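**Student:** This structure is in structure tokens; I'll ask about it shortly.
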């Protein structure tokens, strides 16, 4: 596989990988580094990539493994500190009005309070549009557990959103 | 799309029973339509999903950096590919050097130019050596004449020094 082919066939998944890495690391620079590493690994294995059922799923798996490795290494001595820093910079919708942005940021914070597995499943299903089997492959999680995690994540979000409604979400969106 | 259908889909969504296609229908609905009051929280959530995928992206600079890294790797690999050839070339040069040294130092094969020289005829050699030495000698004598001129200067200097205190 030459570089041009690599760019058209593999590189387009970059944003999915980036968002997935962000879910673990919560830091834009670190997530970007991880995605670079994933692509370098993919490039090194470019002659064998066709052996995988889905290159995208393979890339997502590598993203997950590399992100987890970073979390385990000394990089993240104080995860909470980084999380707080990231939250302050996160702007999910730069072109919207301030009220809408506030609501979206609040939802982002609600999501980040969910257990990691629930966040990951919700991200892959509701934001990236993955099938249950694909999620199961990427997260190396049994299919039934994927469904349970998704159900719990949505349920928790719904409860929180109902509470938010009481504070006036209706007026903002 | 019918609002009742949307409400049904929303219920299915919360129960984790929607298919990917149905979830895409909800996405489209909340993107295009103004949701009624009872669906505002779902509208906000789906809006969040959309904005998350729309604004959390990597720009062109990422592609450039990655391309640069891959090209550097390729250049290095090309150099490494030549390495066995370079090793063979170095080995060949060493073998040739070793062979030349072996011939001259151990076997003692003489220089063919030296073998054709005059030293096998002692008389001719004597004559030629004599000629050469005479030539050198005459050149040296020429040199001493100049030194004698210098001595004249030196004497004059001495005279000046002694006469003018």
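Chains as they are written, first to last, in our numbering: chain S, 1 to 173; chain F, 1 to 165. In this text, a Cβ means the ideal position worked out from N, Cα and C, and glycines have one as well. If you're wondering where the values come from, they're calculated on a predicted model, not measured in any experiment.
Does the CB of residue 11 of chain F have a neighbour CB from chain C at under 8 Å?
**Tutor:** Included in the structure are the protein chains S and F, with no chain C among them.
**Student:** Alpha carbon to alpha carbon, how far is residue 83 of chain F from residue 95 of chain F? Give it in angstroms, no decimals.
**Tutor:** Counting from one through the second chain, the residue named residue 95 of chain F turns up at place 95. Counting from one through the second chain, the residue named residue 83 of chain F turns up at place 83. The alpha-carbon atoms of residue 95 of chain F and residue 83 of chain F are separated by roughly 18 Å.
**Student:** Can you grab the Cα-Cα spacing for the pair residue 147 of chain S / residue 70 of chain F, in whole Å?
**Tutor:** Position 147 of the first chain holds residue 147 of chain S. Position 70 of the second chain holds residue 70 of chain F. Approximately 39 Å between the Cα atoms of the pair.
**Student:** Indicate whether at least one CB of chain F lies closer than 8 Å to the CB of residue 88 of chain S.
**Tutor:** Position 88 of the first chain, counted from the first residue, corresponds to residue 88 of chain S. Note that residue 88 of chain S scores 39 on pLDDT, short of 50, meaning its location in the model is unreliable; the coordinates nonetheless yield the value given after this. With 8 Å as the cut-off, residue 88 of chain S does not count as an interface residue toward chain F.
**Student:** May I ask you to report which of helix, strand or coil DSSP gives residue 129 of chain F?
**Tutor:** What you label residue 129 of chain F is simply residue 129 of the second chain in a count that begins at 1. Looking at residue 129 of chain F - three-state DSSP - the assignment turns out to be helix.
**Student:** Taking the continuous alpha helix (DSSP H) assigned at residue 51 of chain F, which residues delimit it?
**Tutor:** Looking up residue 51 of chain F in the second chain gives position 51. Segment 40-55, the alpha helix (DSSP H) holding residue 51 of chain F.
**Student:** Within 10 angstroms of its Cβ, does residue 46 of chain F collect 16 or more other Cβ (buried), or is it exposed?
**Tutor:** Counted from its first residue, the second chain places residue 46 of chain F at position 46. The residue in question, residue 46 of chain F, is buried, as its Cβ has 16 or more Cβ neighbours within 10 Å.
**Student:** Comparing C-alpha positions only, which one of S:55, S:110, S:72 and S:61 sits nearest to residue 154 of chain S?
**Tutor:** Indexing the first chain from 1 puts residue 154 of chain S at position 154. For the residues S:55, S:110, S:72 and S:61, the minimum Cα distance to residue 154 of chain S belongs to S:110.
**Student:** Would you list, in chain order, the members of the region 8-23 of chain S that have their beta-carbon closer than 7 Å to a beta-carbon of chain F?
**Tutor:** Correct list: 11, 14, 15, 18, 19 and 22.
**Student:** At 9 Å on the CB atoms, spell out the chain F contacts of residue 35 of chain S, in chain order.
**Tutor:** For the purposes of this step, residue 35 of chain S is taken as the residue at position 35 of the first chain. Neighbours of residue 35 of chain S on chain F, chain order: 58, 62 and 66.
**Student:** Can you pull the chain S neighbours of residue 78 of chain F, defined as C-beta to C-beta under 7 Å?
**Tutor:** In the second chain, residue 78 of chain F corresponds to position 78, counting from 1. The contacting residues do not exist; residue 78 of chain F stays about 13 Å from chain S at best.
**Student:** Quick check: the Cα distance between residue 100 of chain S and residue 22 of chain F, rounded to an integer number of angstroms?
**Tutor:** For the purposes of this step, residue 100 of chain S is taken as the residue at position 100 of the first chain. For the purposes of this step, residue 22 of chain F is taken as the residue at position 22 of the second chain. Approximately 25 Å, taken between the alpha carbons.
**Student:** Ends of the alpha helix (DSSP H) at residue 102 of chain F?
**Tutor:** Taking the second chain and counting its residues from 1, the one referred to as residue 102 of chain F is at position 102. First-last for residue 102 of chain F: undefined, no H or E at that position.
**Student:** Taking only three categories from DSSP, how would you classify residue 15 of chain F?
**Tutor:** Position 15 of the second chain, counting from 1, holds the residue named residue 15 of chain F. In the structure shown, residue 15 of chain F sits in coil (DSSP, three-state: anything other than H, G, I, E or B).
**Student:** Considering only the beta carbon of each residue, do residue 47 of chain S and residue 13 of chain S sit closer than 8 Å?
**Tutor:** Indexing the first chain from 1 puts residue 47 of chain S at position 47. Indexing the first chain from 1 puts residue 13 of chain S at position 13. No, these two residues do not count as a Cβ contact at 8 Å.
**Student:** Between residue 44 of chain F and chain S, is the shortest Cβ-Cβ distance under 8 Å, so that the two count as touching?
**Tutor:** What you label residue 44 of chain F is simply residue 44 of the second chain in a count that begins at 1. Chain S, which has a Cβ nearer than 8 Å to the Cβ of residue 44 of chain F, makes this yes.
**Student:** Can you look up residue 134 of chain F in the DSSP assignment and give me helix, strand or coil?
**Tutor:** For this step, residue 134 of chain F is matched to residue 134 along the second chain. Helix at residue 134 of chain F.
**Student:** Can you find a CB in chain F that lies within less than 8 Å of the CB of residue 185 of chain S?
**Tutor:** Outside the displayed range of chain S (1 to 173) lies residue 185 of chain S, so it cannot be described from this structure.
**Student:** Using a Cβ-Cβ cut-off of 8 Å, state whether residue 4 of chain F counts as contacting chain S.
**Tutor:** Locating residue 4 of chain F in the second chain gives position 4, counting from the first residue. False, the Cβ-Cβ gap to chain S never drops below 8 Å.
**Student:** Among residues of its own chain, excluding the 5 on either side of residue 7 of chain F, which ones have a beta-carbon nearer than 6 Å to its beta-carbon?
**Tutor:** Taking the second chain and counting its residues from 1, one reaches residue 7 of chain F at position 7. Closer than 6 Å at Cβ, skipping near neighbours: no residue.
**Student:** Using 8 Å for Cβ pairs, my map puts residue 41 of chain F next to residue 161 of chain S. What's the rounded Cβ distance?
**Tutor:** Position 41 of the second chain, counted from the first residue, corresponds to residue 41 of chain F. Position 161 of the first chain, counted from the first residue, corresponds to residue 161 of chain S. Their Cβ separation, rounded to whole angstroms, is 4 Å, which keeps residue 41 of chain F and residue 161 of chain S in contact under 8 Å.
**Student:** Is there at least one Cβ from chain F nearer than 8 Å to residue 3 of chain S's Cβ?
**Tutor:** Counting from 1 along the first chain, the entry for residue 3 of chain S is found at position 3. Chain F, which has a Cβ nearer than 8 Å to the Cβ of residue 3 of chain S, makes this yes.
**Student:** Is residue 126 of chain S helix, strand or coil by DSSP?
**Tutor:** For the purposes of this step, residue 126 of chain S is identified with residue 126 of the first chain, where counting begins at 1. In this structure, residue 126 of chain S counts as helix in the three-state DSSP scheme.
**Student:** Beta-carbon within less than 7 Å of residue 149 of chain S's beta-carbon, same chain only, minus the 5 sequence neighbours each way: which residues are those?
**Tutor:** Counting from 1 along the first chain, the entry for residue 149 of chain S is found at position 149. Once the five neighbours on either side are set aside, the close Cβ partners of residue 149 of chain S are 117, 118 and 121.
**Student:** Assign residue 60 of chain S to one of three DSSP states: helix, strand, or coil.
**Tutor:** As a first step, residue 60 of chain S is located in the first chain; it is residue number 60 there, counting from the start. Correct three-state label for residue 60 of chain S: helix.
**Student:** Return no unless some Cβ of chain S is closer than 8 Å to the Cβ of residue 7 of chain F.
**Tutor:** Residue mapping note: residue 7 of chain F aligns to position 7 of the second chain, counting from 1. So no, residue 7 of chain F is outside the interface.
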